[in-house]
Structure formats: structure tokens, C-alpha cells
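I have placed the structure first, in the form of C-alpha cells, so that the comments after it can refer back to it.
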Amino acid sequence: MTPGAGGMRGGAPGARCPEAGSRLNTQPTGEQVGARTRPRPEMQSVRQTVLFESEAAWRAGAEQNATAITVHARGGEVVQTRRTMDGPGGPRVRVTWSGGRTVSEVSPQLAAGLSVYVEGGAGVSRDFVQARGQAVYHSAQLELDAVRAWWPRELALQPEGLRWAECAYDIELGRRVRVDEYCALRAGESVALTAAGGAAGEAKVETGVFYPEISDGADVSLSGFRCTWLRDGSGRTDACQKTLLMYKPAHVETREPAVGIDLVQPAGLHPAIDVDLSGVSASGPTCAHYVFLQLPAQLFVDKFQQPPDLLFGEDDLELPEYKVQAWGSEVVYALEPGRVNRVQLHSRYARPGLGRGYEVVPVWPYVFEACDTGSVEVSANPFYSKGLGFEAYFTPDTVFNHRNSTRLSITIPRGNSRDFASIQYVTVLSILLSVFYITYCLFRRPVAGNARVGG
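Its first residue numbered 0, the sequence shown is counted upward by one per residue in numbering that gives the first Met the number 0.
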């Protein structure tokens, strides 16, 4: 597929990448050991950004004094905290964690669950999927061990110190470390933003409080004020000034017209997902609609039955779930506007357990429109950077209009291990009876029919 509508990078449909290398333990390689024995980097800068939904909410919800900016939330406000520091080097790694929909004027859309992306894909375990230009690991649950394996140990900020249960994260590790934290405030919640966010007197701390003056999908203009703090340990603000930020967004949420995502019932062993684009048309000649899926090992697509535009990871049609080495697969399908599009999935046989039961597997389909803008301005965003992840499958000038992302729970039946002996007996008995019957039919004497002779 060549670069075209939607700016997707070229690639063979349904191509399977080579298998990952040998399983990696949590010990760094020799090159990484040398890089990770440098002195512990100090926090260089902390930037806190609060986004209100409207000017009225901004005027009523923000207070500023000599030592703090206090935010009184009505619900839905987003607080981004960006921490940056020098890293020890090593491969470029992106770690994201999200509970679902995250896109806003100051935040990109992150895949639900935990995702670890390693640029180049070298030196990763077999749990990873080899994709184009990166290796990917994904889990619906938070796995701190998967994060620690790539986190520089000499950093003062460690994974255990992050607010995983409350916030979403977009983290970049390597020569430069950037930790972006996105927290949504609840109605009635009050938060005081102070210089303590720097964790050290030497860190540069800056706080901005904004509301969207313009946000039409093509341009964003944020209006508000920002303050800096003195770097002498006093905790007092240095200066505050009115600020206007203008930029091109790379991620936009488009709720109208509505796009439905439904699990076809009954699901059975071959679940199907319907994406309703009946009332939707392409925004322009360089735009196309897609659905992006991160399928766990229990589910897969048949690239021969319904060839995807991109497929990376486990695509074997016969292996049971407990024989699959990697976490699963990443799939991208192009969708046709103006109709209901069906994505056919298949479930693998699950490992039997004690008692009859079912395994519930969560899946988050992401439906979006990708538009090739021909402009590099979408990459110059003050709040997030495009890079590793599903964005890597598209050209750098692509804008993503996110239509819908819905959590689906797919139920997969699981066998009862207590029935194993009886199933064996019945199977052996059936085989013996079949062999006996076939042998009987082959060697029995034919019965001559009575013929009446007339004379």
C-alpha cells in the first residue's frame, strides 16, 4: 500500500514481521549497563497545564497567590504535568497507560491499557510483537515489571512514584526522558499547584491555566495565564503573564455524526464487530476512515478471510491461546463511509480450568479518520509529540479525527479440566467403534438376493 488517503505508510497487507529475538530478562545489556552507571540526572523542568472547558469555568475556577495556583474543578478539567530531564541513553522507548478516551486540546489519544514501544525492536523478549520500525508490548492491566525493564534505575523519578490508578501517562525514555501525566479532575475537587511539583529547588517550574478560545479541529487557540516560580527554594512565584497559544492539533475528537461500535450477538467462538459509518462521509480527498485494534492472544483475525490493511503479531490460525508466545496482534482495517462495516474476529481455544466457565476478554476498537494535511505544523505541538505507537503507521503530517472508542467485553468459553478423563474415554471408544464398523463393512460377505427364474 502506498502513501495515499489518510497518510498511511506503505506496507504489504497482512504482512507478518519476523519473530522477535531471544527472551530478554530484566537485566540491561552491556551497552545499557555502561550508559546506566552515570550520575543520577536531576529534574530539569516541570510544566503544569490546566485546561478548563470554557472561559466562564476558567474565570470561576482559578485562583492565584504568591505561592500557589488553586483550581476549583467543575468536572472534566484536564491537568497535564510534564517532567523532563536528561536520560542515560539507550534505545528510544515510549510507555503509555490509559483507562480509555484521553484526547483533548492538550492530550493525544492513548491506547487503553499499558503499551510499551521500543524503537527498532532490537533486544526485546518474545512477548513483544515486531511491527514496522518498532516492537510493541500491550496489556489490558498495569504491569510495573514491564515498565521497570526499560526504566533507567538512576533516575530520581521511578515508576512506583507515579499515580497510575488516577491518571494517564505518555512517557518517553532514552537520551531524553519526558513524563507526561494527564489527570481529569472531579466536580468539587480542588487542587493547589505549587513549586513543589519540581521536587527540587533547581528545577524550572512553570504553570499555565487555559481555556480553548478556538478549537475547530483545524486550529487550537488557548487563552489564559502562566506563572513561573523562583528557583531559590522559597516556593514563591517569580512572574505571571497573560498567554495565548496557537497551534495545529494532531489529535481531534469528532463526536458528530455519531459512529456506533457494537459486538454482534450472539458472539460465540467467532465474534464480529460492527462499525456503523452510515451517516459519515470523508472530510476530504486525502482522508480515510480506519479501525485500530490491539487484540490479545485469545483473539485473532484471519488474514485470508478478511485481509487487513496492516497486521503485526500472532496470525497463526490453529494455535491455542496457551501456545501463543507474544501478547497478541495489532490490526488496522480501512473502513468504508456510508455503511456498516463488519470486522470478523476468531477466538483461540483457552487453557482448560477447574469448573466450567468463561473468560472475558476486553477489546477497545479505535475508529478514526486519518487526514494527510501536507503540513509539518501538526508536529510542532507544545503539549504532545507524535512518534511511536499507532501513529507510526501513518505519515508525520497526519491529523487523527477520533470518532469513537468503545470497550467491548468478549466472552470466550473455557473447558473443564475435570472432564479430561471422560472426554478421553469417549474419544477412544468412538474411535474403536468407528474402526470396528468400517472393518465390518469391508469384510462382511455380500448377501445374495433371491432370484425367481421363470420358464
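Glycine included, every Cβ here is placed at the ideal spot set by N, Cα and C. As the structure is a prediction and not an experimental result, all values here were calculated from the model.
Would you mind working out which of the options sits nearest residue i, comparing C-alpha positions?
{"i": "Ala-333", "options": "Asp-308, Arg-350, Tyr-357", "result": "Asp-308"}
{"i": "Leu-50", "options": "Val-258, Gln-63, His-71, Val-78", "result": "Val-78"}
{"i": "Thr-372", "options": "Gln-129, Ser-106, Thr-48, Ala-249", "result": "Ala-249"}
{"i": "Cys-239", "options": "Gly-223, Val-366, Val-300", "result": "Gly-223"}
{"i": "Lys-247", "options": "Asp-218, Thr-253, Ser-233, His-288", "result": "Asp-218"}
{"i": "Gly-119", "options": "Ala-130, Ala-202, Ile-272", "result": "Ala-130"}
{"i": "Thr-144", "options": "Arg-81, Gly-132, Gln-133, Asp-126", "result": "At residue 144 the sequence reads Asp, which differs from the Thr that was named. Residue Asp-126 is the option with its Cα nearest to Asp-144."}
{"i": "Phe-209", "options": "Gly-88, Ser-416, Gln-47", "result": "Gln-47"}
{"i": "Val-92", "options": "Ala-379, Val-342, Asp-169", "result": "Asp-169"}
{"i": "Thr-388", "options": "Tyr-439, Glu-255, Leu-353, Phe-311", "result": "Correcting the residue identity first, residue 388 is Gly in this sequence and not Thr. The candidate whose alpha carbon is nearest that of Gly-388 is Phe-311."}
{"i": "Gln-343", "options": "Thr-285, Pro-270, Val-135", "result": "Pro-270"}
If you check the beta carbons only, do residue i and residue j fall under 9 Å apart?
{"i": "Arg-225", "j": "Gly-207", "result": "yes"}
{"i": "Gly-122", "j": "Pro-158", "result": "no"}
{"i": "Pro-151", "j": "Leu-172", "result": "yes"}
{"i": "Leu-244", "j": "Pro-381", "result": "yes"}
{"i": "Gly-472", "j": "Leu-154", "result": "No statement about residue 472 is possible, as the shown extent of the chain runs from 0 to 454 and does not include it."}
{"i": "His-288", "j": "Val-279", "result": "yes"}
{"i": "Gly-74", "j": "Gly-187", "result": "yes"}
{"i": "Thr-410", "j": "Glu-358", "result": "yes"}
{"i": "Asn-400", "j": "Ser-282", "result": "yes"}
Compute the Euclidean distance between the alpha carbons of residue i and residue j, then round it to the nearest angstrom.
{"i": "Asp-396", "j": "Val-102", "result": "18 Å"}
{"i": "Asn-340", "j": "Leu-407", "result": "16 Å"}
{"i": "Ala-195", "j": "Glu-335", "result": "51 Å"}
{"i": "Val-107", "j": "Leu-298", "result": "The amino acid at residue 107 is misidentified as Val; the sequence shows Pro. Their backbone Cα atoms lie some 27 Å apart in a straight line."}
{"i": "Thr-253", "j": "Val-105", "result": "15 Å"}
{"i": "Trp-326", "j": "Ser-114", "result": "11 Å"}
{"i": "Ile-260", "j": "Glu-390", "result": "21 Å"}
{"i": "Asp-273", "j": "Tyr-321", "result": "28 Å"}
{"i": "Ala-139", "j": "Pro-361", "result": "7 Å"}
Over what stretch of residues does the beta strand (DSSP E) that includes residue i continue unbroken?
{"i": "Leu-192", "result": "189–192"}
{"i": "Gln-47", "result": "44–50"}
{"i": "Asn-403", "result": "397–404"}
{"i": "Tyr-348", "result": "Per DSSP, Tyr-348 belongs to no beta strand (DSSP E) and is neither H nor E."}
{"i": "Pro-361", "result": "356–362"}
{"i": "Glu-329", "result": "327–334"}
Taking only three categories from DSSP, how would you classify residue i?
{"i": "Arg-417", "result": "helix"}
{"i": "Val-204", "result": "strand"}
{"i": "Gln-140", "result": "coil"}
{"i": "Cys-166", "result": "coil"}
{"i": "Thr-227", "result": "strand"}
{"i": "Pro-295", "result": "strand"}
{"i": "Leu-316", "result": "coil"}
{"i": "Leu-441", "result": "helix"}
{"i": "Lys-241", "result": "strand"}
{"i": "Ser-114", "result": "strand"}
So the alpha helix (DSSP H) residue i belongs to, where does it begin and stop?
{"i": "Arg-58", "result": "54–60"}
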